[in-house]
Each structure stands twice: as structure tokens, then as C-alpha cells.
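Taken in sequence, the protein lines are chains A and B.
Mapping to the numbering used here: the first sequence position 146 is 708, numbers consecutive.
Mapping to the numbering used here: the second sequence position 73 is 635, numbers consecutive.
The C-beta atom is built at its ideal place from N, Cα and C for all residues, glycine as well.
Computed from a predicted structure; not experimentally measured.
2 protein chains.
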Amino acid sequence: MSQKSTNITFHGANVTQAEREEILGQRGAVIWLTGLSASGKSTIARRAEQLLLARGVTVYVLDGDNVRFGLNKDLGFSPADRTENIRRIGEVAKLFAEACTITLTAFISPYRADRDAARAIMPAGTFIECLVEASVEVCEQRDPKGLYKKARAGQIPEFTGISAPYEAPASPELVLETATLSIDEAAQAVVDHLVKHGFIKA
Amino acid sequence: MSQKSTNITFHGANVTQAEREEILGQRGAVIWLTGLSASGKSTIARRAEQLLLARGVTVYVLDGDNVRFGLNKDLGFSPADRTENIRRIGEVAKLFAEACTITLTAFISPYRADRDAARAIMPAGTFIECLVEASVEVCEQRDPKGLYKKARAGQIPEFTGISAPYEAPASPELVLETATLSIDEAAQAVVDHLVKHGFIKA
């Protein structure tokens with residue numbers, strides 16, 4: 563990605579998507595990671611971010627750390643607020659992708675309708691739904707934040723996989739089984755997918 | 563900006579801001595354009611975007627076109643909704659700047675408190691308040707969308723500069739007087755400011 567076009571002539575007052583892609587040498591995409599708590603979404607996203615940055619790719623991860631305490635700090639965990647949480651994340655991811663940034667989102671996003679709504683606002687082919695697959699048993703054994711333990715003790719109501727449903731994607735673009743893949747392998751699979759589909763250069 | 567660092571070694575699971583800046587060869591900033599309707603905010607932002615892209619800089623403009631019908635489509639024009647509109651824009655701009663993208667926002671944003679709140683969440687020195695200055699008389703003469711005419715006819719309640727206040731910044735980092743500067747000159751002043759303060763390379 564070290565080679566960038568220069569001496570561009572713009573043909574209108576607003577930059578077109580094609581002009582932006584040509585100059586920046588990458589096409590925007592949203593890698594929407596979905597899966598249970600402790601399935602590995604954020605870890606894979608952060609590792610993929612490093613692999614992409616090492617290639618000079620502009621990339622950004624949206625996850626609980628930078629969204630829940632900022633943009634969505636007014637939202638709680640009611641069904642309506644959860645849907646609004648995912649809606650805003652989808653809208654922000656869309657803006658990042660429009661800037662040609664490779665955008666990874668790492669949220670449980672358990673409801674199919676919410677994910678489908680995020681897909682629906684994106685240009686065709688630029689929403690890459692990625693199931694980070696691990697059974698409840700595996701995730702519960704990892705339990706890095708002790709959330710499953712609390713959920714089993716009834717201290718967290720409506721915990722996905724325990725007391726609230728997880729609706730797995732019917733036909734995700736990518737499936738990463740974290741019981742068998744290492745974090746590096748999973749992150750590399752994301753990069754490979756982006757190269758294969760022409761979002762970034764080989 | 564065609565030269566990018568490679569063979570980076572990351573020192574933690576999460577990319578640091580310094581690592582990201584080094585790799586991408588630019589530092590994130592928010593250029594917050596504020597001013598009356600028809601003062602020239604969007605036009606300057608779109609032209610600055612072209613000048614920056616022509617240098618290979620990753621840049622994005624947030625304005626009514628991509629925010630009001632997406633992320634903020636649930637918001638109206640009540641005082642509370644206007645504040646929430648600007649709050650979300652500030653939060654999104656912060657995320658873009660964290661991705662090292664030069665981020666221009668083009669909203670009237672008439673209230674000082676709202677702009678100060680957007681400044682307060684940004685790392686010191688990365689929020690560049692830019693007053694796009696033009697008198698109500700000048701803006702009303704331009705009136706490209708016929709909004710002043712409608713406001714004078716009482717068809718738009720609480721129209722900034724006519725029936726609602728505009729609170730000019732007390733000490734903006736940049737002032738662009740569009741009665742005297744051309745669009746190109748104003749856009750170039752934005753680029754010059756970014757170079758001078760080390761956000762992008764000369």
C-alpha cells in the first residue's frame with residue numbers, strides 16, 4: 563500500500579467513492595464480528611488491526627471500549643436500547659467504510675434482525691458478516707471477565723447464551739472457529755478475505 | 563504521504579496511538595467548522611477534502627448529508643435533539659480522529675456549550691475550531707437553498723441568525739472570512755494549518 567496515486571483531477575465538487583478508493587489504494591468494508599461473550603471477537607479484531615496496519619492499511623476497530631462509553635453512553639441494555647446500540651454502530655461503521663477505512667466491529671450483536679439492518683444500509687458486498695464460533699461451554703470455560711459465572715448466579719439478567727438467545731447468522735461470509743483456530747490464524751483469515759475480495763492489495 | 567513505515571513491531575495487544583500515527587504518516591484531528599447557514603462550511607470542507615486527498619491524506623467530512631439521514635435520523639430540531647445531534651457528531655469525529663483520519667465537520671453548531679463539549683472529549687490540541695465567518699446579510703444574499711427567505715416568511719421556526727442565536731467562538735483556532743476569501747483560499751488555509759501543526763506532512 564506504499565504506492566499512492568497522485569496528480570488526481572477531481573470531476574466534481576464532491577469526491578466520488580471511486581476517486582477516493584483510487585487515491586487511498588483500498589476499498590472500505592465492514593467486518594462485522596458476531597458471537598458469544600468470550601468467543602474471541604475483540605481479540606481477533608485487535609490482532610487483525612495490527613496485521614492490516616503492518617501493511618499500511620487504514621483500519622479501525624469499533625468495540626465496547628470505544629463506543630459504549632462515548633457515542634452510546636446514553637443507552638442501557640433494554641431490548642430497544644440494544645437495538646439502537648447496534649443501529650448506531652452500523653451507521654458509524656458505514657461512515658468509516660465510506661472513508662475507505664477497513665472497519666471491524668466486535669459486538670455480540672445476538673439478533674439477526676439487527677445485523678441484517680446493519681447490512682442493509684451498506685453498499686452491496688461491503689458488509690462481511692463474520693461468525694466467531696465457540697460453544698457456550700468453551701466460552702464459559704474461558705470466562706476471562708467472570709461474566710458467565712455471574713450470569714449463572716443470576717447476577718446478570720438476559721445474558722446471551724445463558725438466559726438470552728444468540729441467533730447465529732444463517733449464511734455468514736466468514737466463520738472463525740476459535741476452539742480450533744489460533745488468534746493469529748483467525749486474524750489472518752480476515753486479512754486473506756479482504757485481499758481475496760479486492761478491498762486491500764495483496 | 564507516499565512513504566509509510568513497514569516492519570512495525572507492536573508492543574501490546576492493542577495498537578497505540580503513536581504506532582498508528584507512525585505507520586499511517588498522519589495524526590488525527592477534528593476541524594470543526596461552525597458558522598451560519600450559507601456561510602460556506604460544507605463547500606470549504608469538501609474542497610479541503612479534495613486538497614488533502616490529493617496529498618494522499620485519509621480524510622472524511624461529516625455533514626448533514628451523511629449524518630442527518632443516517633446516524634441521527636431519529637433526531638429532530640428541538641433544543642435537546644440539537645444538542646444530542648452535536649454530541650453524537652463529536653463522538654463520531656473523535657473515533658475518526660483516533661483512526662488518524664483528518665475529520666472535518668460542517669454543521670452550524672450555533673451553541674458554544676455544544677462545541678465546547680465536543681472539544682472536551684478530544685485529546686488536547688486535536689480539536690481545531692474553525693469559524694466560517696460571514697454576516698447574516700451576506701449569507702442571506704447567497705441563500706442557495708432559499709432557507710433565509712423561508713425563515714423571514716416565518717416558515718422555519720428558530721432559524722439561526724434570524725430567529726435563533728448564533729454564539730460565535732470566543733477564540734477559534736481558525737477564522738475564515740468567506741466574504742473576502744475564495745473557497746480555494748479558505749480550504750488551503752485549513753490544509754496549511756494542519757501542516758503547520760504537524761498533523762500531516764508538508
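I'd like to know if D636 of chain B contacts chain A, where contact means its C-beta is closer than 9 Å to some C-beta of that chain. For D636 of chain B, the answer is yes, since a Cβ of chain A falls inside 9 Å of its Cβ.
My understanding is that I651 of chain B touches F669 of chain B, with C-beta atoms under 8 Å, so please give their C-beta distance in whole angstroms. Right, their Cβ atoms sit about 6 Å apart.
Using the three-state DSSP reduction, which class does I690 of chain A fall into: helix, strand or coil? Here I690 of chain A carries a strand assignment [DSSP, helix/strand/coil].
Neighbour-count burial assignment, F658 of chain B, 16 or more Cβ in a 10 Å radius: Note on F658 of chain B: 16 or more other CB atoms within 10 angstroms of its CB, so buried under the neighbour-count rule.
From P672 of chain B to E729 of chain B, what distance separates their C-alpha atoms? The straight-line gap from Cα to Cα measures roughly 5 Å.
Around the C-beta of K758 of chain B, are 16 or more other C-beta atoms found within 10 angstroms, so that it is buried, or is it exposed? When all chains shown are included, K758 of chain B counts as exposed.
Which residues in the same chain as T688 of chain A place their Cβ atom closer than 7 Å to its Cβ, once the five residues preceding and following it in sequence are excluded? Cβ neighbours of T688 of chain A beyond the five flanking positions: G590, A591, V592 and A659.
Per the contact definition of three or more C-beta pairs closer than 8 Å, is the stretch 741-750 of chain B in contact with the stretch 605-619 of chain B? Contact holds between the stretch 605-619 of chain B and the stretch 741-750 of chain B, because three or more Cβ pairs, one in each stretch, are under 8 Å apart.
Going by alpha carbons, who is nearest to W594 of chain B out of B:R617, B:I718, B:M684 and B:Y710? Distance from the Cα of W594 of chain B is smallest, within the candidate group B:R617, B:I718, B:M684 and B:Y710, for B:M684.
Partners in chain A for F721 of chain B, counting only beta-carbon separations shorter than 8 Å: Those within 8 Å of F721 of chain B in chain A number zero; the least Cβ separation is about 25 Å.
Nearest-angstrom Cα separation, counted from D676 of chain B out to A580 of chain A: Roughly 35 Å between the two C-alpha positions.
Under a CB-based cut-off of 9 Å, is F658 of chain A close to chain B? Judged by the 9 Å Cβ criterion, F658 of chain A is in contact with chain B.
Spatial neighbours of F761 of chain B in its chain, beta-carbon cut-off 7 Å, leaving aside the 5 residues before and after: Same-chain partners within the cutoff: Q588, R589, A591 and I664.
Sort B:G618, B:V698, B:R582 and B:L586 by Cα distance to T722 of chain B and report the nearest one. The alpha carbon of T722 of chain B has as its nearest neighbour, out of B:G618, B:V698, B:R582 and B:L586, the alpha carbon of B:V698.
My output table needs one value for D775 of chain A: the three-state DSSP class, helix, strand or coil. Here chain A covers residues 563 to 764 and nothing more, so residue 775 of chain A does not appear.
Express the C-alpha separation of A600 of chain A and A726 of chain A in angstroms, rounding to a whole number. In a straight line, the C-alpha of A726 of chain A is about 15 Å away from that of A600 of chain A.
Short CB-CB distance (under 9 Å) between N576 of chain A and chain B: Answer yes: the Cβ-Cβ gap between N576 of chain A and chain B drops below 9 Å somewhere.
Test: Q717 of chain B CB closer than 9 Å to a CB of chain A: No, because no Cβ of chain A sits closer than 9 Å to the Cβ of Q717 of chain B.
Any C-beta of chain A within less than 8 Å: which residues of the stretch 573-606 of chain B qualify? Here the close residues are A575, N576, V577, E581, R582, I585, L586 and T605.
Can you list, in chain order, the residues of the stretch 666-700 of chain B whose Cβ is nearer than 9 Å to any Cβ on chain A? Residues passing the 9 Å Cβ filter: I683.
Near V700 of chain A, which residues of its chain fall below 6 Å by C-beta distance, leaving aside the five closest residues on each side in sequence? Cβ neighbours of V700 of chain A within its own chain (closer than 6 Å, five residues either side excluded): A741.
Mind listing the chain B neighbours of T663 of chain A? Cutoff is C-beta to C-beta under 9 Å, in chain order. Listed along the chain, the chain B residues whose CB falls inside 9 Å of the CB of T663 of chain A are T620, Y622, F658, A661 and T663.
What does N628 of chain B reach in chain A if we use C-beta pairs closer than 9 Å? Under a criterion of Cβ atoms nearer than 9 Å, the residues of chain A adjacent to N628 of chain B are, in order, K656, L657 and E660.
Any chance the CB of A730 of chain A is under 8 Å from a heavy atom of the ligand ATP? Here there are no bound small molecules, and the ligand ATP is not part of this structure.
I'd like to check one pair, A616 of chain B with F631 of chain A: are the Cβ atoms closer than 9 Å? No, these two residues do not count as a Cβ contact at 9 Å.
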